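Protein chains in written order, with the UniProt record's numbering: chain F, 1 to 420; chain C, 1 to 420; chain S, 1 to 420; chain X, 1 to 420. Note that CB positions come from ideal geometry on N, CA and C, so glycine has one too. On a predicted model such as this, the values are computed, not experimentally measured, just so you know. Notes to accompany the following structure.
There are 4 protein chains.
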Amino acid sequence: MASTGTLGEMLSTLLERQPFQRKSAADGSVAASCRALLEAPSEASGRQLAEEILQAIKTLTDEDRDRFYQFLNDDLDIDPDRIAELATAYKVTPTPKVYKALAHAAEPPRQDLFRQLNQAPDATADLVQLRADLLTRLKVKPDLGRTDHDLFHLFQSWFNRGFLVLRHITWESPASILEKIIAYEAVHEIHNWGDLRRRLLPADRKCFAFFHPAMPDDPLIFVEVALTKGVPESIQELLSEGREELRAEEANTAVFYSISNCQAGLAGISFGNSLIKQVVRDLSAEAPNLKRFVTLSPIPGLSRWAEREGITLQTDDPQQIRQLTAHYLLAAKKSDGRPLDPVARFHLANGALVHKVHAGADTSKKGLTQSAGAMVNYLYDLSRISQNIEQFDRKKEVSASGAVRTLAKQAARGARPQPE
Amino acid sequence: MASTGTLGEMLSTLLERQPFQRKSAADGSVAASCRALLEAPSEASGRQLAEEILQAIKTLTDEDRDRFYQFLNDDLDIDPDRIAELATAYKVTPTPKVYKALAHAAEPPRQDLFRQLNQAPDATADLVQLRADLLTRLKVKPDLGRTDHDLFHLFQSWFNRGFLVLRHITWESPASILEKIIAYEAVHEIHNWGDLRRRLLPADRKCFAFFHPAMPDDPLIFVEVALTKGVPESIQELLSEGREELRAEEANTAVFYSISNCQAGLAGISFGNSLIKQVVRDLSAEAPNLKRFVTLSPIPGLSRWAEREGITLQTDDPQQIRQLTAHYLLAAKKSDGRPLDPVARFHLANGALVHKVHAGADTSKKGLTQSAGAMVNYLYDLSRISQNIEQFDRKKEVSASGAVRTLAKQAARGARPQPE
Amino acid sequence: MASTGTLGEMLSTLLERQPFQRKSAADGSVAASCRALLEAPSEASGRQLAEEILQAIKTLTDEDRDRFYQFLNDDLDIDPDRIAELATAYKVTPTPKVYKALAHAAEPPRQDLFRQLNQAPDATADLVQLRADLLTRLKVKPDLGRTDHDLFHLFQSWFNRGFLVLRHITWESPASILEKIIAYEAVHEIHNWGDLRRRLLPADRKCFAFFHPAMPDDPLIFVEVALTKGVPESIQELLSEGREELRAEEANTAVFYSISNCQAGLAGISFGNSLIKQVVRDLSAEAPNLKRFVTLSPIPGLSRWAEREGITLQTDDPQQIRQLTAHYLLAAKKSDGRPLDPVARFHLANGALVHKVHAGADTSKKGLTQSAGAMVNYLYDLSRISQNIEQFDRKKEVSASGAVRTLAKQAARGARPQPE
Amino acid sequence: MASTGTLGEMLSTLLERQPFQRKSAADGSVAASCRALLEAPSEASGRQLAEEILQAIKTLTDEDRDRFYQFLNDDLDIDPDRIAELATAYKVTPTPKVYKALAHAAEPPRQDLFRQLNQAPDATADLVQLRADLLTRLKVKPDLGRTDHDLFHLFQSWFNRGFLVLRHITWESPASILEKIIAYEAVHEIHNWGDLRRRLLPADRKCFAFFHPAMPDDPLIFVEVALTKGVPESIQELLSEGREELRAEEANTAVFYSISNCQAGLAGISFGNSLIKQVVRDLSAEAPNLKRFVTLSPIPGLSRWAEREGITLQTDDPQQIRQLTAHYLLAAKKSDGRPLDPVARFHLANGALVHKVHAGADTSKKGLTQSAGAMVNYLYDLSRISQNIEQFDRKKEVSASGAVRTLAKQAARGARPQPE
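Structure (structure tokens):
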């Protein structure tokens with residue numbers, strides 16, 4: 001800020017300057033349209049232009065797409081000099097006028113572009129798709145992380161809990177949504193429509209999803225729930241075709257046996273916690289006989305960890321499996337002190353505790369591969385959730401039932417890496 | 001940025017520092033709850049806390065409320081030093097990591113607070129209400145303009161065109177919404193339910209409103225439309241009880257005779273342009289016999305301007321009224337070159353042109369007071385909108401029909417300030 | 001049945017004969033269209049013809065309308081000879097073929113006409129309207145009772161409980177329906193929209209109505225309910241503007257304070273009983289704290305009865321009023337043994353009992369005129385309804401609380417016709 | 001009618017008598033419940049009783065069910081003596097009172113029972129199911145035709161066109177309804193959900209169904225429509241997976257390629273005609289570019305007829321196939337003069353004409369078996385429908401295009417039974 005003169009003069013000069021733009025070699029016609037949209041004196045034809053741009057983006061070649069991302073990342077970036085100057089000015093004169101100028105400078109033009117694009121019909125879904133694609137390029141072009149952060153930040157605002165709508169997914173739901181449930185199920189594959197029907201139609205099966213009003217046909221996340229008598233010990237049993245249906249009033253336990261995020265473009269925006277809490281609240285109100293809310297969860301990292309540790313998981317020794325599972329969940333940690341297992345991290349951070357571990361609980365190929373068939377129930381005990389979160393967050397302490405702690409101790413004592 | 005050492009060291013120090021907070025003398029328990037919400041390690045009980053805070057805000061005394069606003073404005077402000085440092089760092093190392101840190105620093109904690117509060121049920125309406133209240137304090141405390149800007153900025157993102165829903169308001173609409181239409185009508189008062197019924201039920205009367213999904217019972221803006229044969233010249237005639245109803249296929253003109261913004265808390269966020277365009281598009285598709293889209297608009301600034309100019313408007317001389325009205329609309333300008341009349345500014349900026357002026361067109365007390373009974377039709381000619389916007393925006397040129405231009409010229413020649 | 005020959009011959013002759021038609025002097029073009037509709041070889045243009053006929057009926061002059069009713073009543077009547085012959089034949093040969101022929105003969109062509117007319121859009125409402133009009137002519141032309149019976153019979157089938165839809169009427173209901181609630185309220189007038197709002201919006205006020213799917217905008221019957229703490233003793237108190245609202249969980253009593261039939265054309269088809277039962281069931285399920293379901297009912301026949309009996313009702317003597325009211329409700333009977341009071345007949349036939357009587361309970365002009373201000377609570381005690389119905393139906397016994405019975409006895413002892 | 005005395009005495013005796021009941025040997029407890037329902041003094045517990053009876057019927061053994069049907073047919077039959085007496089009385093005194101008594105006598109108690117049963121939830125579907133079952137017994141017990149006729153008569157009243165709701169079936173429809181479309185498709189089997197999706201999702205494919213409000217999840221009839229350019233000549237081509245989708249505005253022809261009745265219990269109640277007409281009307285209004293409405297129909301009776309006639313259909317001689325098909329459709333008649341082919345009868349009675357015949361048009365096993373692969377387009381020409389119906393109905397004349405008539409003549413000349 002080398003300007004001389006009075007503060008007032010300096011400021012007014014500062015406030016009138018145009019935003020800086022990093023130049024990209026070539027940005028093609030989509031970029032030109034984007035600039036036009038940003039500069040449009042009015043929203044006159046903005047909606048149509050936005051629609052055209054979003055259509056154009058979809059048909060870009062890989063090369064042009066890379067160029068377009070570069071355009072967003074560089075040409076529509078912030079001007080750090082201007083920010084620094086305005087920040088310094090703000091320190092001295094924290095007026096609303098300077099504040100607005102600073103806020104404006106600190107927001108890159110691409111952020112504004114995304115908002116302008118969103119006026120087109122179905123634009124929100126297109127923008128989520130755009131980020132999904134962008135994320136696939138991050139590995140080779142980590143620099144695009146700046147643009148990604150802007151989309152992430154925007155989506156955090158747009159997909160705020162207050163805007164989400166919880167919907168009960170049933171066999172009466174539109175087929176166009178149900179086919180997405182089939183496609184998005186990420187934990188226990190839904191093989192066909194008959195399989196889906198068995199997870200939705202019986203009175204002791206439920207499914208809930210969050211939607212955003214601007215994407216009414218596309219779930220963001222969904223959870224599948226089984227109402228049971230007692231805590232189930234096997235996923236195959238839970239999903240078996242021949243099983244006997246429970247009448248609603250016989251059930252005392254709600255089992256969250258599958259949670260799937262649906263939108264790659266919303267990575268990093270957490271819906272799972274809110275969803276589980278909302279469903280626990282709604283089911284409690286609707287069925288007061290439900291006394292327990294547990295998961296029946298996979299343990300995706302167990303086999304990998306055991307291998308690394310040189311431990312052989314013996315599928316024919318259920319006791320060994322249970323002990324090692326308990327040990328893994330309670331003691332295997334990342335460098336930051338949190339559990340190694342990603343599913344464990346998710347539920348423990350939400351305030352659940354490790355309730356029970358089971359051997360031979362998922363005998364599918366995937367289950368045997370990732371965890372030698374072991375599964376775990378995390379328990380959501382409403383009276384202990386806050387305390388659990390506190391412990392987990394502050395002290396990195398994993399809450400667990402006495403039985404699981406005992407198993408873990410046995411493992412610690414006995415289950416040393418076996419000489420082979 | 002006095003740090004020595006390598007750039008890497010400097011950066012990592014920088015990125016780990018906690019945000020600065022301007023201290024306020026006392027911020028009471030709502031403030032404490034707000035801090036708790038911001039610091040909550042997880043959203044565990046966040047929704048409930050948000051709900052409690054929003055309830056608490058509603059019951060604050062005036063004094064406490066001032067203190068709370070001060071807390072938002074000062075304690076939850078940005079840290080300019082940190083922004084300046086990070087901006088400087090970004091100039092050198094424009095990595096995603098630094099970018100995120102800078103973006104985070106440039107956003108004041110109150111912005112995040114507003115987003116956290118929004119997770120509570122009905123929070124969006126509460127936040128809009130909060131800003132409505134805040135705006136009333138801006139005159140005495142202009143400094144609160146900083147906080148206001150954050151709400152404004154948030155709402156611009158949340159109330160993006162892409163999230164708005166156009167609804168046809170009919171006599172079949174919920175009474176809870178219709179009573180709001182009665183309350184919000186700001187141009188031609190709706191005196192009672194019978195009056196409203198006459199504006200909604202006949203086949204040649206329409207009403208459209210924008211809603212936001214998070215405020216489903218509260219319109220943001222609405223427009224009332226009359227389908228007519230020819231361009232109407234009087235509002236009283238248009239709304240008269242005894243008038244004969246037109247069959248849909250007889251109408252060739254759609255008259256936008258009233259547009260009302262409903263939410264004081266959304267001041268500055270423009271919906272009118274989008275609404276008019278959407279309604280023009282929808283009506284065109286639905287009724288191809290509609291050939292003209294005009295307004296029948298008040299001229300709120302005419303009398304005031306005439307008085308200032310020393311001109312006496314002669315209600316018994318319709319020709320004089322028409323000439324002066326034309327002159328006023330075309331020639332009376334603000335210092336920035338745009339028309340003096342606010343309604344003219346709105347429609348001209350949207351691409352309309354001044355089509356016709358009428359004397360004796362609004363004989364209500366309000367009409368006689370503000371414009372000696374004169375009204376004007378602005379014409380939305382789809383084929384000329386872009387061009388009109390361009391002209392208006394670039395050259396500050398007011399588009400008008402030949403007839404109106406002629407009238408204006410006559411006024412310029414004849415209607416000099418009369419010697420009195 | 002003068003035919004000779006074998007039974008088979010006779011039958012086949014019988015089954016082929018055309019239906020007989022009583023001739024009317026002149027039946028005009030609507031009648032001709034009706035015949036065309038009945039004879040139409042296919043429903044090809046039936047729907048359109050039906051629509052035209054229903055439109056034509058609406059515009060008939062009084063004289064033509066009378067002629068049209070006569071046409072329905074006489075020309076489209078049954079052929080008793082044919083019925084008698086077929087009945088005799090059926091006695092001998094009860095085959096499906098003869099049965100169908102008899103069933104067909106026993107149904108007059110006008111019945112079929114009504115069904116054919118019903119294929120037009122909104123025809124059901126038109127036919128209900130037709131009967132409403134027909135009923136007004138019955139006094140002068142009692143003979144039309146035959147046609148009326150056919151409509152009644154048809155409506156009993158069409159407006160069967162299984163086809164009715166219960167809807168909760170709220171302040172969110174369409175204004176087009178709410179204006180009908182205002183218009184149809186027959187017990188305690190709704191003076192304006194503000195008055196209606198006070199009966200719908202508060203959490204302790206409810207309204208439920210039956211609708212038929214073919215008349216979705218027109219309620220058939222509705223009941224207004226107040227949730228209270230204790231049994232209310234005055235309608236003015238219940239409806240007072242200034243009253244304090246009760247929170248849902250504080251209420252222990254649901255008061256049915258107004259039931260109104262909406263469709264004159266459905267006279268004689270009883271919806272009230274089903275409606276009360278359904279609402280009792282739904283409210284019980286929704287609010288388990290509701291322990292009592294009572295009415296606060298007018299006593300439309302009290303003053304008239306007292307006058308006839310030469311008794312003077314002393315509005316300044318509440319005890320006398322209560323005693324006489326109790327006596328009137330329990331002891332004043334029609335020649336068939338059922339209570340004189342029509343509202344009493346309705347609720348007692350539904351299984352309610354006389355729970356409490358109040359003086360000064362309806363101080364409106366109507367209330368003072370019809371019952372000297374007295375009102376009564378009928379109690380719906382689910383555990384006693386069947387028994388009450390049995391008693392009332394078989395033995396004409398009026399169930400009542402001990403307190404009311406005592407009052408009635410006191411009246412019987414003391415309240416002899418006073419010497420005047 | 002052996003009574004002596006005055007006519008008045010006779011009549012009043014007559015009107016007070018109880019309905020006669022044919023006795024059945026034993027009718028078990030369901031029958032007893034039915035009697036209770038019929039005699040119930042009030043509908044107090046009627047709804048519950050109705051529900052219990054409908055449940056009980058579902059679990060009857062075959063033997064008990066037969067007994068129950070016999071009970072309906074005999075015990076709840078009409079009393080022909082009483083009908084004959086009242087008919088005779090009515091001839092002399094055609095008063096409303098006698099009319100009502102006669103109408104009441106002419107309706108068997110079972111008719112009233114069915115209406116009473118219908119007050120239970122979902123009763124309408126149960127009653128339709130009851131008739132479906134009853135129809136299967138008619139062959140062995142033709143006598144039950146009497147009871148069947150009463151159900152038929154009731155359903156004709158209940159499923160009146162005025163009560164039906166047309167719904168567009170799309171890929172957004174509830175899966176619970178779509179699975180019924182798959183199950184009920186009777187013409188061209190839907191093999192799986194993917195197959196269904198191809199018939200619903202593309203912009204040039206439509207499906208419409210009639211529903212009754214009391215059976216909202218169960219279609220009564222549905223039609224599948226393809227929008228095409230030109231008249232299609234092969235069903236396999238029309239349904240092929242790889243086909244190119246047409247944009248809505250390119251289509252000039254709507255092809256009804258499949259109509260399926262869904263409810264066996266509604267046999268004899270015709271919905272097809274109304275459905276086709278409604279869909280033609282709706283599509284015309286929605287897509288003015290549709291100029292032609294044709295079917296692509298199977299010819300179920302062709303092969304059977306040819307065999308009977310000693311004709312060999314040569315699938316390798318398309319010209320022969322076309323000629324014989326034309327001849328069959330135009331000249332092969334039933335004893336009553338109407339076409340032998342049931343699908344031809346349906347469309348011709350609705351006013352369509354035989355437009356075009358195709359060889360090799362349905363190469364499925366079913367198509368080859370029933371018609372040697374031949375199919376036919378019936379054309380619905382709105383301007384000729386009435387005339388066609390008239391001709392078909394009065395003169396049994398089959399309307400056909402010139403081309404088809406020529407083919408038929410060639411067949412008549414050349415296609416004599418070939419010597420083999």
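For the candidate residues the options, whose alpha-carbon lies nearest to that of residue i?
i, options, result
"S303 (chain F)", "F:A125, F:S157, F:L329 and F:L283", "F:L329"
"L275 (chain S)", "S:P216, S:H347, S:I299 and S:D341", "S:H347"
"V343 (chain C)", "C:Y257, C:G265 and C:R413", "C:Y257"
"K206 (chain C)", "C:S45, C:R167 and C:D122", "C:R167"
"R146 (chain C)", "F:L220, F:D316 and F:L102", "F:L102"
"R247 (chain C)", "C:D341, C:I181, C:N289 and C:K409", "C:N289"
In the DSSP assignment, find the alpha helix (DSSP H) that holds residue i and state where it starts and stops.
i, result
"T325 (chain X)", "P318 to A331"
"H104 (chain F)", "P96 to A106"
"G46 (chain S)", "G46 to K58"
"R384 (chain X)", "Per DSSP, R384 (chain X) belongs to no alpha helix (DSSP H) and is neither H nor E."
Return the bridge partner residues of residue i from the DSSP annotation.
i, result
"Y184 (chain S)", "Answer by DSSP bridge pairing: none, since Y184 (chain S) is not bridged."
"V376 (chain X)", "X:S297 and X:V357"
"V165 (chain F)", "F:F211"
"A226 (chain F)", "F:R205 and F:V255"
"residue 423 (chain S)", "With chain S represented from 1 up to 420, any question about residue 423 (chain S) goes unanswered, as that position is not in the structure."
"P174 (chain S)", "C:P174"
Since residue i is in the beta strand (DSSP E), which residue starts that stretch and which ends it?
i, result
"A254 (chain C)", "T253 to N261"
Taking residue i as the query, report the chain C residues whose CB atoms sit under 7 Å from its CB, ordered along the chain.
i, result
"G145 (chain F)", "P96"
Which residues in chain F have a C-beta closer than 7 Å to the C-beta of residue i? List them in chain order.
i, result
"D66 (chain C)", "Simply none; closest approach about 17 Å."
Using a C-beta to C-beta distance shorter than 7 Å, which residues of chain S count as neighbours of residue i?
i, result
"T124 (chain X)", "G162"
"H149 (chain X)", "P96, Y99, K100 and A103"
"D81 (chain X)", "K91"
Using a cut-off of 9 Å between C-beta atoms, extract the partners of residue i located in chain S.
i, result
"A120 (chain X)", "R161 and G162"
Please list, in chain order, the chain C residues whose beta carbon lies closer than 8 Å to that of residue i.
i, result
"H347 (chain F)", "The premise fails here: H347 (chain F) is roughly 12 Å from chain C at the closest Cβ pair, so nothing lies under 8 Å."
>> Short of 9 Å Cβ to Cβ, which residues in the UniProt domain "Malonyl-CoA decarboxylase C-terminal" (162-309) of chain C face chain S?
In response: Those would be T170, W171, E172, S173, P174, A175, S176, I177, L178, E179, N192, W193, L196, R197, L200, L201 and D217, in chain order.
> What residues in the segment 83-115 of chain F bring their beta carbon closer than 7 Å to a beta carbon of chain C?
Replying inline: Listed in sequence order: I83, A84, A87, T88, Y90, K91, P96, Y99, K100, A103, A106 and R115.
>> Output needed in chain order: residues of the segment 319-345 of chain C with a Cβ under 7 Å from some Cβ in chain F.
In response: Flagged: no residues at all.
> If contact means a Cβ-Cβ distance below 7 Å, which residues of the segment 360-387 of chain F contact chain C?
Replying inline: Hits within the stretch, in order: I385 and S386.
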